[in-house]
Each structure stands twice: as C-alpha cells, then as structure tokens.
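Participant:
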Amino acid sequence: MRLKFTFPPTLRHTERVDCVGWMSADDLYSVGEDHIIYKYNVVQNELIKIAELGQDLYPLDMHWLPKGANVVGGQGSSSVSGGKRTIGSDLFVLATSDGKFCFVNKTGRIEKTVEAHRGATICIRWSPDGSQFATGYFYIRFTIILILDNSSLGGEDGQIRIWARSGMLRSNLVQSATPIFCVCWSAENDAILYCAGKHLVMKPLSPNSKQNSWKAHDQIILKCDWNTVNNLIISGGEDCRYKVWDAVGRQLYASQAFEYPITSLAWAPDGSNFAVGSYNTIRLCDSAGWCHSVEKPKDGSIFGLSWSNDSTQIACGCGTGRVGIGHIIERRVDWRHLEFILTDSKLITISNCETELKDKIELKDRLVKMSVGFGYLIVLTSNQGLIYNCKHMGHPALFDLRDMSMSLIVQAEKHFLLSDGINISIYSYEGRLVSAPKLMSPKPDSVNINTVSISTDTIAVRDSTDTKSVMFFDINGKPIGDGKLVSHAYEIIHLALDQTGLPNERKLAFADKFQDLFIMQVRATGQTQRSTNQRIRKLCTNIGSFRWNDKNPMLSGIADGKLSIWFYPNVVFIDPSLVDKTTYRIESNDFGKNPSISDFLSSQITIRKSNGALIQCVIPIYYELCLDLLSANRAEEALQLCQYIADDSIYALIAVISLFNRDFDSAENAFAQLSNTEMVFCLQNLRTISSKEEREAELALLAGGNINEAEGHYLQGNKPLHAIMLHLNEHNWDRAIDLTQRHPQYVEIVVGYRQKYLKDYGGSKKETNQKYLQAMKNVDVDWDRIDAKLKKELGEDSALRIVE
Amino acid sequence: MTYRDISHLCEMARVLSYPRLISMENFRQPNFRLVAEIMTWLVKQYDPLADVPTDIEGEQDRVIFIRAVTQIIATRAHLKLNTKKLYQADGYAVKEILKVITPLYKALRDTENKELDDEDDIDNSYRYAMNDDISTLKSARQLCSTITQKGANLHELLGKELDAREARQEVMNRGMELSEVKEGIREAETAAKRELIKYQKLIGNVQTDEVALDEKIAKRFEEKDRHQRRLDMLKSVRPSFMNDFEKYEIELNELYSNYVLKFRILSYLEKELEGHFRSQREKVQEVSRQYMQSMNSQITEQDQQRFNRQLQDPNDEIGVRSDEEEDDEEEEEEDEDEQ
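So the sequences go chain by chain: A and B. Heads up: the first sequence at position 210 corresponds to 210 in full-length UniProt numbering, and the numbers run straight through without jumps. Heads up: the second sequence at position 145 corresponds to 145 in full-length UniProt numbering, and the numbers run straight through without jumps.
#1: Here's a check: name, in chain order, each residue in its chain whose Cβ is nearer than 6 Å to the Cβ of A/Ser151, leaving out the five neighbours to either side.
#2: Given that A/Gln219 touches chain B, what residues does it touch there, using C-beta distances under 7 Å?
#3: What in chain A is Cβ-close to B/Arg109, meaning under 8 Å?
#4: Can the beta-carbon of A/Gln515 be found less than 8 Å from the beta-carbon of A/Glu413?
#5: Are the Cβ atoms of A/Gly612 and A/Ala288 separated by less than 8 Å?
#6: Which bits of chain A does B/Arg20 rub up against, with CB to CB less than 9 Å?
#7: Quick check: is the beta carbon of A/Tyr260 nearer than 8 Å to any beta carbon in chain B?
#8: Which residue marks the beginning of the beta strand (DSSP E) containing A/Val618, and which one marks its end?
#9: Any Cβ of chain A within less than 8 Å of the Cβ of B/Val15?
#10: Are A/Arg2 and A/Leu265 touching if we call contact CB-CB under 8 Å?
#11: Would you kindly report the start and end of the unbroken beta strand (DSSP E) that includes A/His199?
#12: What is the DSSP secondary structure of A/Tyr137, reduced to helix, strand or coil?
#13: Just to confirm, are A/Val42 and A/Ser30 a CB contact at a threshold of 8 Å?
#14: Between A/Asp26 and the rest of its own chain, which residues show a CB-CB distance below 6 Å, the 5 nearest in sequence each way excluded?
#15: Between the Cα of A/Lys443 and those of A/Tyr427, A/Ser464, A/Asn105 and A/Ile424, spot the shortest distance and give me the residue it belongs to.
#16: When DSSP labels each residue in this structure, what does A/Thr500 get in the three-state scheme?
#17: Could you check whether the region 237-251 of chain A touches the region 205-219 of chain A, counting it as contact only if at least three pairs of C-beta atoms, one from each stretch, sit closer than 8 Å?
#18: Assign A/Gly271 to buried or exposed, taking buried as 16 or more other Cβ atoms, counted over all protein chains shown, within 10 Å of its Cβ.
#19: Are at least three pairs of beta-carbons, each pair with one atom in the region 102-121 of chain B and one in the region 55-63 of chain B, less than 8 Å apart?
#20: Which residues share a DSSP beta bridge with A/Ser556?
#21: Give every residue of the same chain whose Cβ lies closer than 6 Å to the Cβ of A/Ala638, excluding the five residues on either side of it in the sequence, and list them in chain order.
#22: Going by alpha carbons, who is nearest to A/Ala196 out of A/Ile160, A/His395 and A/Ser407?
#23: Could you check whether the Cβ of B/Tyr3 sits closer than 8 Å to any Cβ belonging to chain A?
#24: For A/Ala95, collect the residues of the same chain with a Cβ closer than 6 Å to its Cβ; drop the 5 residues on either side in sequence, then sort them by chain order.
#25: Which runs of the alpha helix (DSSP H) at least 4 residues long sit entirely within the region 563-599 of chain A? Give them in chain order.
#26: Using the Cα positions of B/Ala246 and B/Phe263, report the straight-line distance between them to the nearest angstrom.
#27: Can you find at least 3 beta carbon pairs, one from the region 317-332 of chain A and one from the region 290-300 of chain A, that sit closer than 8 Å?
#28: Could you give the DSSP three-state label for A/Tyr746: helix, strand or coil?
#29: Mapping DSSP to helix, strand and coil, what is A/Ser79?
#30: Name the residues in the region 254-285 of chain B whose C-beta lies less than 8 Å from a C-beta of chain A; which are they?
#31: Pull up the distance between the alpha-carbon of A/Glu354 and that of A/Gln251, whole angstroms please.
#32: Any beta carbon from chain A within less than 8 Å of B/Glu115's own beta carbon?
#33: Determine which residues of the region 266-300 of chain A have a Cβ less than 8 Å from any Cβ of chain B, and write them out in chain order.
#34: Going along chain B in order, which residues have a C-beta closer than 8 Å to the C-beta of A/Ile122?
#35: Any beta-carbon of chain A closer than 8 Å to the one on B/Glu11?
#36: Is there contact here, the region 85-104 of chain B with the region 33-53 of chain B, by at least three beta-carbon pairs under 8 Å?
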C-alpha cells in the first residue's frame, strides 16, 4: 500500500498552508496564510477561489462540521434533521492566530466570528457527535478551542475551552501552564485528549472523574489524534518520533527517531491507516504503527493533513503553500486463490494463483472501497457500486449508491451490508436493495466493522447510544423478537454473527470491555424462551481478536497469545464441561504482540501480526470433514472417520452435536469413547422413557440444564408432580409452591419437603416465607402418604424422587 | 501571535538547514544563547567574513554582541533591528530574528519556485515537441536516405565529367570542311541503299517458304483421313474368340460364389469345434476342483478328529505334543502335495 501524491499546479498559495479539509469526497478546501480560501474539485481538476479573508486573519486550524449534523437554525438550538441527506457538510470553523474563531460556510461567507481569547487559537475540533437529542437534552454540538495565551508578563499558558455551536462559551475545561498544541475528542464525546508539553492528558468532561495523564515523548508533543473506530491514539512531537497508544495509555508502537520533528498527524476515519507529516516527508502507516510507504515532496514541512471521509484520499498543506492530494493505491485484498490489487486509483489487477492468469478491471470512477468474500468482489466507486462474480469477471452487476458515501462493506453468503457510518442498507449480490433497517438512534460514525455484523438471515448492530446493547434485525429489516435491545452487563467492543446453520440456531459472539468472549443465542422464542442470562454464556476470557469460519460453525480467537479454535461454540449451551475438549489450540511464539485474525476460510486461518506480517495457520482437515458430515446428519460416517483419528476432541464434537441433533445412538457411542460413563448411563436411561414429553423434559435437563424448558414439557405432558419435584430438587421453593396453586393435591408434598429441608439444613429455623406459612395452616404432613403418592405417580426408580 | 512566529522560525530554520532543530518551547523562557547562536549563523550567511564577538557571558558582552550584530545586519542587509527586543531573547526576539531570516527564506523559495517552473516549462515544451515530431520523424528519415542516394549518383556522374570534358573540348575545337562533309553523306547514302536491297531479298524468301508449308499441311490431312477409315473398319468386325470368352466368364462367376459359400461353412465349423474343446477343458477343471475340495474337507475332518483325540489325552506333555503336531502337519502337507 502506498500513497500516490499529485500536486495540482493551479492550487498554490503564496504562503504556507496550515488548513486543509475535505467538504465531500471530491471537494477540498484549503486556507493559507495568504488569506485565501480555495476550493478544489478533484474530479474535474477545477479550482475556485472561494473567498479572501481579512489581512489580519492568519488561519491556524480548520475543521468541518461532521456530517450528519446540519445547521438548521442559526442560534444553536438546532435539531437533527432526520431523513434529510446531504453530501458532506456545509460549515467549518477556522481558528486564527489572533484568538478568534469563525464559522465559515461552504460559499466562503463568514457567518460568525467569536473572540475567543487574546492569544492564538491553535487548535479547533468539533466533537464527533452530540446527539443528546435522544436523551431529551438540547441538541448541542461542542467546539473545542484551544488558546495559547501570550500575556505581557512573558509567560505563556494553554487553555481548553468548550463552546456551544452557537458560539457561546460553555466551560473552561483546562487551564495549564504549558501551551497546548493539539486536542481531540473521544469517540463517545465524554473525554478529550490534549498534549501538554511532554505529556498526553485524557480529560473526561464530567467534572468528578479523574484525568489520565502520561509522559509520552522526550520532547514536547506537537500533534495527537484519537480515532473513533479503533480507539487508538497517535502522537508525534519534537523528538522526531510518532507513537501509537491505546485508550488507557499503553504504548503499542514507537517509531525510530527521524531527522525532523513530526508536524502533523491524521487518522484515516476508518482507523486502518494514519498519515504522519514531517519536513519534506509524508508517511503512510498501518494502524499498528509500522510504515507502509514514504513520500518525499520537496515542499517544506507538512502542516496540515486531512483525510476524506471515505479514507481513500488525503490532502496535505505544505510550508511552500502547495497542497498535495494523495490517493491510496496498491491496496490488496485476497480470497482463496484470487488476489486483487488496486494498481492505480481506477485500475484493479486480478491475479489468479491457480491458473496464473492476470486480468484487469478498469473503473470509470475513483475506487472508494473494495471487498471480497463468498465468491463475490464488491467494488464501490465514487458514483456507483459494482458486484463481480469471482467465477467470471466479465459482467458486473451495478447498483446505485443513492448519493451516500459508503465507508463499510460487510459480506455474508447471500447478502452484503453497506454503511456510511450512520445508516445501514442490505443488498443482494444481484445488486438489489433488500432492506434498510432503521436504527434506533443513528449517530455519525457509530456503525463500523466492530459494531455491525451480518449473516444469511440476521443483522446485528450495537446500539450507538447504549453500547452495552445489541439490536437484531432479520434480513428484511424487521426487528427480531419484540424489537427491544438485548443488553449485556458491560460495553460491547466487537461482535460477529456465525455464518452457517439454521436461522433458529443463529449465534452472536461478542467481546466486552473486559475482553471476555460471550456467545449469545439470537432467536430465543416460543418454547425455548430463555431469560437473557441463559441466552448469553461466556466462552473464554482475555480474548484479543476472534472470527467465525465461513463454512462451518467454527470460531477462532486469540486468547492469552494462543490461537484457539472452538469447533462448536454452541457447546456452552449444551454441556459447558465439554468446552475444553472441543477446542483446538495452537501455541506459537510467532504471533507476537496484539495479533489479529484476518481470515478464517475452511481450515485455514490467516493471522496478521502487529508488524503487518501475515501468518497462515492450518487446523487438521478432519475437523472440518467431521463437521460437514454432522451437519448433513451423517453421524455414522463421522464416527467411522473418528476411528482413523482416535482423538478425544473429535469424539467430544460428535457427542455434543449428536446430543443437540437428538441422535442418541451416535451421542452414546461418542460419550462411551470419551469414557464419560454418566452421560452414557443417562442416555440409556432416557431411551427407556416412553412418554414423549417426559423424554423431552429429561433431554432439556441433560443438554443444557434448562429447567424452564423442562417444566414446560412436564406441564404440557400433564405431569405437574414431575415439574414440582424438579423444582424441589433445585431448591426452587417459590416456583414449587406457585405450581401447587393450580394443582392443590400436591401442597402436602411441597410443604413436607420444605419442613424437612429447614430441619436438616437450616438448623430447625422458623419458616419465614409467607406462602409456606399460609400453606402450612391448611395441611398436615403425613410422610407415609407422601411416599405412597410419589411412588404411585413417579414410578419406583425415578430420578426425581428425593431419596434419603 | 508568538505561536505563529515561532512556528515560522522553526520551519524557516529547517528549510535553510540550520545545523540544529529549533523547538517550539525554546523561547518560552528568555534564551539568549540560542538567540546569539542563531544571529551569529545568520550574520555569517549574509557575510561569511563578518567579525562577530564570541563572548556572550557577561551583561556587557551581550550588549556588545547585540550591537555588533545589528550593525552588520543594518549595513549588509539594510534591515533595522530593535536591539532591546533582541536582547530580551524571548517571543519578541523571535519577531526580530524573523525579520532577518525571512529574506533568506524568501530568496531560497523564489529560486526553488523558479527552478520548478522552469522544469515545468521545459517539460511541457519538450513533451509538445515530441508529440509533434514523432509523425514527421519517419518522413525525415526517408528523406535522409534519398538524399544520400542522390548525392552518390551525382558524385559518380561528376567523376565522369573529367573525361567527358576533354572529349567535348576536342570536338568543339575541331574545324569543319565542306568537301569532307559531302563525302561522308554520300558514303552513308550508299550504305543505306545496300541495306534496303538486303531486306527486300529476305521478304521474297519468306513467300516461297509459305507455299511449301501449305503443301505439307494438306499431305498430313490426307494421311489422317486414311487411318480413320481403317479404324472404323476394324471396329465393325467381331472376333472369333468372343463367344468362348463370354461362356468362361459366366462359368467363373459361378465357381467363385460356390467357393465363398464353402469357406463360410468351414470357418463356422472351425469355431464350433474350438468352443467344444474349451467347454471340454472347463468341465475337466471343474471336476478336478471339486475333487480337491472334497479331499481338503476330508483332511480337515481327520485333523479335527485327531486333535480331539489328543485333547482327550491329558497325560501328554505339552512340548512333545506340539512337536508331534508339527510333524503331523508336515506329513499332511506332503500328502496334499502328492495328491
């Protein structure tokens, strides 16, 4: 990957340029110290001089209002205009060296000038979002103004002030003795990061929380940036290094010391790359920190860097007044035997490793995004989308992007999802728009690769305001279940749906803030109604990165530096004790720090190390074969396969899946091979039960211990005593007495057991439960009668009878 | 406005490749050493031979230094500096330094821009010329080759001119006499007449040849007619052996069909015979196999019986028994072989 820079000969300021910014994907605005605002259209190579500022106005920083929030009223109390879509934004703020900031609209008119301070306003940033609209407050966007004050006494101080979008001062957030050169917002708008001298400081907006500050560089820090997608921080300073940090201040990468100070830094909005500007140098770096490519324009220091919203173009403002526009080229994606390389901004080269043939796709417009998977290549250009079938590249299906700048493609087997960061839309591979699910609270940049997932029939989206919750839609855009959010206890960081299996067995894997990996059942309705607790089970702790297989319900993840593959994550709902046995682990020292899984195709796993190197790992093919056979209900053949391999984990796999598929023969066989005698015994016992409901109930208890479901089965089969005894066994006293209200003939049994329990274990405590106190008045306990009743109704050797 | 000033100073120093990096923080506190260092360097840039005081430790030394520097700058660069501000060595000094450094920076930038523009111009004109000339280049090459060819020809001809000139001169210089001319003409006339007579004779000969050839052709025609007549006559006569020939032809046909029939029958019979032999052979094999099987079963039966007998005899020692068994087995094998 590298940046290809062009310096348009017409776009030249006479003085240095600090401010560059993209209005839309095609229109670039630049403001130089020669007081001129230029607008440059990349497609038509057209330069328009928008406006000329006053001679005393030296611009130091500019920032466009993030898209998705448009000015409706002039005076602050504006609201989100729901259905209205605009291309790009139409207002930016300009910070000037005399301590003012101006709102400038896209026609170059200065709408408002605010006197901020006596010193220079070095840095200005819109908050990435402010949709407090949903929670009932006024919809207020914040601006941050940073002031470097030069008082007459000779000392300098830095200040961070927060302003409402109307230009009213809201608060003085930070007052520091050192100048503050750069400031940025957190993704959730609840904190800001600024650099003070050699320190990076993360200051929460709420006054009571503690700020986090750490020494980041050996010299003063000039620039920092915080990405909203991957939540990583980059910083660069006069020690000529740039560093990558995570959100709690751990250093992930530190570059070598270069020759000149870092004068500018910018994250690509999608968080995959960032650019670093220095004297006569621009570097394109991976999010892990290492450098993709270096450009050496001879234009002095790079003072302004700005990425377009689709993360494919970058503009740089240079010390000589020239403005460069860079495109990312030589991006590559690969899928099985095909490799696609973007050789120029409009040319894709395909190389097929099987036939060693090469092909080319020429696009009409600039490529924005491409993605390959499930046999289809999806190419988004600035005007339209194209879908190529990997088998024959000839005729792509075309579809219109409806004037939205899409920044995300997620593919599933039959559909794919496009998102512009706010809304999502589902397309089929014929290019037909299938649906556009309506999210509960759309928020800019809330939809990214970590917060949305799609499978053949389900879409999962993390809610943008309540980050602990997930919203599920079916493929036609209708909410699944009762349309409510499914909540987890902690913030969800990454989620992914499995790609295969029946819609009713759809599972979501997600990692929360504490890096625990959970499995959640998506559809849990009807008879298998479960509480949220039962729908979510923990699979693993300390997970780094995880990914589902494309063909089988396998899940791979990196935990504790080891690569683990869960062949059948559903096992957590059936028999958690077998989780360990159905897991395959690969230990290797090669993975290094922070590896991530970039692909999991059939039995091959591609791991990207933090330094960008790709490692291929292979799991034995027979697991895949076995899963294929089992999914085709051919457990017999799967067992035959096992005889050759004689591996415990594959037997465990068969046992669990057969149990889930109600295939008792194979399950029994496999459990016997695992020498899991109690399971064999249970299964044999299960077969002797004649009544269907009873068997179902027993099975529900065996496979997953689901008491509600078992109770449902018992009641359905008109066996209330079984249900009551089940609850007594579980010491579920309240439910047991509740059940007796409909079946009063069993009150005696419940009360009897309760008294016995209190006597044996409670040290003859007094009864305090109101329901039991009331029941005790009406019945007197006769153990002979109870025994007789139990024997009669449950049978001689039922497991539900409580034997002394 | 210090932020902008310092930032500019840093950038200009980098562009002018000042030997060290200047930090944004350097002038937060008064920093006379750095001011002195930068000023010394700048003065040297304007005038490498300028004499700048090196001692800046004492208060008096610093004043002398500032004064010396401002004087040099004033004379060399025609710039007036504020000595007080420079002496403060803080943000205000930066403004003064900028005054000095900006002309240098501008000059460098201008030359660079000019070079860049020139490069662009050259590039453009060159590219334009290229496009234009590529079409004419071919024709130019062709013209070149023709020019050399023509030149060579010309040269050759001019070489002959030396000889030709002499002959021409001679002829031009010779005097003409009337009688000689007359004589010559007359000679030419007689020669022409002789020629005329010779050609007339030849024409006469041709006519006689023509007559002779006509006669010959008539003779040939006559001969041909005669031969034709004879051929017709011969064709009309039927030869005597023809009757016999036809008779034998029919006879031969009959014989051939007879032969084919017989050959077919023969080959069929041969095949039948072969099949018969084969079935015979198989029958024999079958019988022998059955026989072998019955024999085998008999033998195993006998073995079984013997084995049972031995089992019933518990007094035998194990070692001995096994030896015997082995012997027995060997014998049996031999028996089988014989059978």
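The beta carbon of each residue, even a glycine, is placed where N, CA and C say it ideally should be.
Facilitator: Reading it off the structure:
#1: In the first sequence, residue 151 of chain A corresponds to position 151, counting from 1. Only weak support exists for where A/Ser151 lies, its pLDDT of 37 falling under 50; the value from the coordinates is given anyway. When the five nearest sequence neighbours on each side are left out, no beta carbon in the same chain lies closer than 6 Å to the beta carbon of A/Ser151.
#2: Here residue 219 of chain A corresponds to residue number 219 of the first sequence, with the count starting at 1. Under a criterion of Cβ atoms nearer than 7 Å, the residues of chain B adjacent to A/Gln219 are, in order, Ser23.
#3: Position 109 of the second sequence holds residue 109 of chain B. Within chain A, the residues near B/Arg109 are Thr320.
#4: Taking the first sequence and counting its residues from 1, the one referred to as residue 515 of chain A is at position 515. Taking the first sequence and counting its residues from 1, the one referred to as residue 413 of chain A is at position 413. Result no, Cβ atoms of A/Gln515 and A/Glu413 do not sit closer than 8 Å.
#5: Within the first sequence, numbered from 1, the residue matching residue 612 of chain A stands at position 612. Within the first sequence, numbered from 1, the residue matching residue 288 of chain A stands at position 288. A contact, by the Cβ cut-off of 8 Å.
#6: For the purposes of this step, residue 20 of chain B is identified with residue 20 of the second sequence, where counting begins at 1. Proximity of chain A to B/Arg20 at the Cβ level (cut-off 9 Å) is not reached, the minimal Cβ distance being about 12 Å.
#7: Here residue 260 of chain A refers to the residue found at position 260 of the first sequence. At least one beta carbon of chain B lies nearer than 8 Å to the beta carbon of A/Tyr260.
#8: For the purposes of this step, residue 618 of chain A is taken as the residue at position 618 of the first sequence. A/Val618 -> beta strand (DSSP E) spans Leu614 to Val618.
#9: The residue labelled residue 15 of chain B in the question sits at position 15 within the second sequence. Among the CB atoms of chain A, one or more fall inside 8 Å of the CB of B/Val15.
#10: On the first sequence, position 2 is the one that residue 2 of chain A refers to. On the first sequence, position 265 is the one that residue 265 of chain A refers to. Taking 8 Å as the cut-off, the beta carbon of A/Arg2 is found no closer than this to the beta carbon of A/Leu265.
#11: Against the first sequence, residue 199 of chain A aligns to sequence position 199. Unbroken beta strand (DSSP E) run through A/His199: His199 to Pro204.
#12: Here residue 137 of chain A corresponds to residue number 137 of the first sequence, with the count starting at 1. Confidence is the limiting factor: at A/Tyr137 the pLDDT is only 31, short of 50, which leaves the residue's position unreliable, though a coordinate-based value still follows. The answer is coil: DSSP assigns A/Tyr137 none of H, G, I, E or B.
#13: Within the first sequence, the letter at position 42 stands for residue 42 of chain A. Within the first sequence, the letter at position 30 stands for residue 30 of chain A. Against a cut-off of 8 Å, the Cβ pair of A/Ser30 and A/Val42 comes out as no contact.
#14: Residue mapping note: residue 26 of chain A aligns to position 26 of the first sequence, counting from 1. The beta carbon of A/Asp26 sits closer than 6 Å to those of Asn41, Val42 and Val43, all from its chain and outside the five residues before and after it, given in chain order.
#15: Within the first sequence, residue 443 of chain A is the residue found at index 443, counting from 1. Ranking A/Tyr427, A/Ser464, A/Asn105 and A/Ile424 by Cα distance to A/Lys443 puts A/Ser464 first.
#16: By one-based count along the first sequence, residue 500 of chain A stands at place 500. Three-state result, A/Thr500: coil.
#17: Two segments are said to touch when three or more pairs of C-beta atoms, one from each, lie closer than 8 Å; by this definition the region 237-251 of chain A touches the region 205-219 of chain A.
#18: Translated into positions along the first sequence, residue 271 of chain A becomes position 271. With 16 or more other CB atoms across the displayed protein chains lying within 10 angstroms of its CB, A/Gly271 is buried.
#19: The region 102-121 of chain B and the region 55-63 of chain B do not touch, with fewer than 3 CB-CB distances between them shorter than 8 Å.
#20: For the purposes of this step, residue 556 of chain A is identified with residue 556 of the first sequence, where counting begins at 1. Beta-bridge pairing links A/Ser556 to A/Arg547 and A/Ile565.
#21: Here residue 638 of chain A corresponds to residue number 638 of the first sequence, with the count starting at 1. Excluding residues within five positions, the ones whose Cβ falls inside 6 Å are Cys626, Leu629, Leu630 and Ile654.
#22: For the purposes of this step, residue 196 of chain A is taken as residue 196 along the first sequence, with counting starting at 1. Per the C-alpha coordinates, the member of A/Ile160, A/His395 and A/Ser407 positioned closest to A/Ala196 is A/Ile160.
#23: Here residue 3 of chain B refers to the residue found at position 3 when the second sequence is read from its first residue. At least one chain A Cβ lies under 8 Å of B/Tyr3.
#24: Within the first sequence, numbered from 1, the residue matching residue 95 of chain A stands at position 95. Excluding sequence neighbours, A/Ala95 sits near Leu60, Asp61, Phe101, Thr121 and Ile124.
#25: Counting only runs of at least 4 residues, the region 563-599 of chain A fully encloses the following alpha helix (DSSP H) elements, listed from N- to C-terminal order: 571-574.
#26: The count along the second sequence starts at 1 and reaches residue 246 of chain B at position 246. The count along the second sequence starts at 1 and reaches residue 263 of chain B at position 263. Going by the sequence as given, residue 246 of chain B is Glu instead of Ala. Annotation: B/Glu246 to B/Phe263 spans about 26 Å, alpha carbon to alpha carbon.
#27: The answer is yes - the region 290-300 of chain A touches the region 317-332 of chain A, with three or more Cβ pairs under 8 Å.
#28: By 1-based counting over the first sequence, the position of residue 746 of chain A is 746. Of the three classes helix, strand and coil, the one that applies to A/Tyr746 here is helix, per DSSP.
#29: The count along the first sequence starts at 1 and reaches residue 79 of chain A at position 79. Any reading at A/Ser79 needs caution, since the residue's pLDDT is 35, under 50, leaving its predicted position unreliable; the model's value is listed next. In the three-state DSSP reduction, A/Ser79 falls in the coil class, being neither helix nor strand.
#30: Result list empty, no residue passes.
#31: In the first sequence, counting from the first residue as 1, residue 354 of chain A sits at position 354. In the first sequence, counting from the first residue as 1, residue 251 of chain A sits at position 251. A/Glu354 and A/Gln251 have their C-alpha atoms some 42 Å from each other.
#32: Here residue 115 of chain B is taken as the residue at index 115 of the second sequence, counted from 1. Not one chain A Cβ lies under 8 Å of B/Glu115.
#33: When C-beta distances to chain B are compared with 8 Å, the residues of the region 266-300 of chain A below that value are Tyr279, Lys298 and Gly300, in chain order.
#34: Position 122 of the first sequence, counting from 1, holds the residue named residue 122 of chain A. Neighbours of A/Ile122 on chain B, chain order: Tyr3.
#35: The residue you call residue 11 of chain B lines up with position 11 of the second sequence. At least one chain A Cβ lies under 8 Å of B/Glu11.
#36: Three or more Cβ pairs closer than 8 Å define a contact, and the region 85-104 of chain B meets that threshold against the region 33-53 of chain B.
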